[in-house]
Amino acid sequence: MTKSSIQDQCIFITGASRGIGKAIALHFGRLDAKVVLFARNDREIKNLEKQICHEGGQALAIEGDVSNYEDLRRAIELSQKHFSNIDILLNNAGLIEPIEPLASSDPEAWGKVIDVNLKGVYHAIRACLPHMIDRRKGTIINLSSGAAYRALEGWSHYCASKAAVLSITRSVHEEYQSKGVTVVGLSPGTVATHMQDAIKESGLNPVSQLLPTDHIPPEWVAKAVEYLCIEGAKEYAGQDFTLKTPEERKKAGLPK
320 MTKSSIQDQC IFITGASRGI GKAIALHFGR LDAKVVLFAR NDREIKNLEK
370 QICHEGGQAL AIEGDVSNYE DLRRAIELSQ KHFSNIDILL NNAGLIEPIE
420 PLASSDPEAW GKVIDVNLKG VYHAIRACLP HMIDRRKGTI INLSSGAAYR
470 ALEGWSHYCA SKAAVLSITR SVHEEYQSKG VTVVGLSPGT VATHMQDAIK
520 ESGLNPVSQL LPTDHIPPEW VAKAVEYLCI EGAKEYAGQD FTLKTPEERK
570 KAGLPK
């Protein structure tokens with residue numbers, strides 16, 4: 320893996336203001352990529368834009384909500400005007416709250432998780448895909464989860480959304496692999512971000528009982544994204560690449 324492989328590539332990151340998205344943005348900025356930061360928190364992404372540029376990188380902050388298709392369509396258009404093309408789409412934005420049993424869940428809040436985690440992925444891909452098809456070139460990475468494969472108490476909305484995202488990964492691969500578009504899922508396991516606070520507080524299911532040392536740092540996820548962009552996406556196209564096994568961690572240049 321070399322820095323030059325990522326240099327001047329444009330990556331569009333949803334949910335870029337904190338956690339995994341922020342770690343990926345900083346990592347790719349230091350690899351001399353062109354980084355587009357998309358999130359609802361305008362102040363946080365503008366501060367992140369300044370940080371990346373201060374470190375010698377290139378970044379563009381665009382405020383918007385992934386659950387609104389027009390926000391993403393506009394953001395993709397602005398990104399192309401600013402950086403010419405989008406080479407990598409990183410669908411990272413996600414919600415897990417409120418964590419609660421289905422029978423007592425709030426329908427509006429439950430639906431919001433679907434709007435962000437599932438429809439947000441669709442919106443970003445729909446806005447970006449025609450341009451990738453025209454160029455016959457593009458990589459799409461969808462943040463996945465073990466919840467796509469396993470039901471967990473209190474997570475009905477999250478599990479459903481992640482299972483659906485896995486299906487989108489498979490569908491886009493089936494439809495567009497012959498048109499130069501590579502799509503892959505990334506299932507990192509539990510990551511040390513703000514999301515763990517809500518999970519811990521809920522006290523529901525085994526994930527809430529994990530210790531802080533059980534979670535990987537978000538910087539590991541950034542390294543895995545780098546690996547997928549350089550070589551791994553082709554091998555794992557149409558499926559999830561997981562960081563739960565020593566073999567996959569080694570491929571991504573991470574500790575076992």
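The sequence shown runs 320 to 575 under my numbering. C-beta: ideal position from N, C-alpha, C; glycine also. Remember, predicted model here, so these are calculated numbers, not experimental data.
When you compare each of the options to residue i by their alpha carbons, which one comes out closest?
i	options	result
Q558	P525, A517, V502 and K575	V502
S641	T509, H346, L379 and H534	Residue 641 is absent from the structure shown; the chain starts at 320 and stops at 575.
K400	K353, G413 and E363	K353
N360	R349, K341, Q377 and F347	K341
R362	L345, L350, L421 and I381	I381
L462	E545, Y468 and V484	V484
S490	H513, A470, P507 and I459	I459
S527	H346, E419, R392 and V500	E419
A511	G439, I405 and P537	P537
A358	G348, R337, Q377 and L345	R337
E396	A428, F331 and H492	F331
L505	K519, A466 and I433	A466
D620	S423, E416 and I325	An answer regarding residue 620 cannot be provided, because it is not within the stretch 320 to 575 covered by the chain.
G439	I535, G383, P531 and I343	G383
I339	A556, Q515 and E567	Q515
A394	K542, V355, A335 and A344	V355
Work out the CA separation of residue j and residue i for me, nearest whole Å.
i	j	result
D390	P565	39 Å
Y495	E550	18 Å
D425	G375	45 Å
K563	L529	15 Å
E554	L547	9 Å
V540	K365	22 Å
D327	S521	43 Å
K456	C372	27 Å
L350	V544	12 Å
V435	N411	10 Å
A470	A479	9 Å
N524	P507	19 Å
H513	V500	32 Å
A319	P417	Absent from the structure is residue 319, since the part of the chain shown begins at 320 and ends at 575.
V385	K575	34 Å
H492	K369	35 Å
S423	L437	22 Å
L345	W429	31 Å
E567	R454	30 Å
G348	A552	20 Å
A556	K570	15 Å
Under a CB-based cut-off of 8 Å, is residue i close to chain D?
i	result
I460	Of the protein chains in the structure, only one exists, and it is not chain D.
Could you give the C-beta distance for residue i and residue j, rounded to a whole number, given that I count them as a contact under 8 Å?
i	j	result
T561	D533	In fact, because the Cβ distance is near 16 Å, the residues do not count as touching under 8 Å.
T333	A443	6 Å
L414	K431	7 Å
K498	I452	5 Å
Does the stretch 442 to 459 come into contact with the stretch 468 to 476, if we say contact requires no fewer than three beta-carbon pairs (one atom in each stretch) closer than 8 Å? The stretch 442 to 459 is not in contact with the stretch 468 to 476.
Quick one: which unbroken alpha helix (DSSP H) runs of 4-plus residues sit fully inside the stretch 406 to 440? Chain order, please. 426 to 433
Could you name each continuous alpha helix (DSSP H) segment of 4 residues or more that falls completely within the stretch 339 to 384, going from the start of the chain to the end? The stretch 339 to 384 is shown to contain whole alpha helix (DSSP H) runs of 4 or more residues at 361 to 373, in chain order.
Output the residue ranges of the alpha helix (DSSP H) runs that lie fully inside the stretch 436 to 502 and measure 4 residues or longer, sorted by chain position. 439 to 454 and 475 to 495
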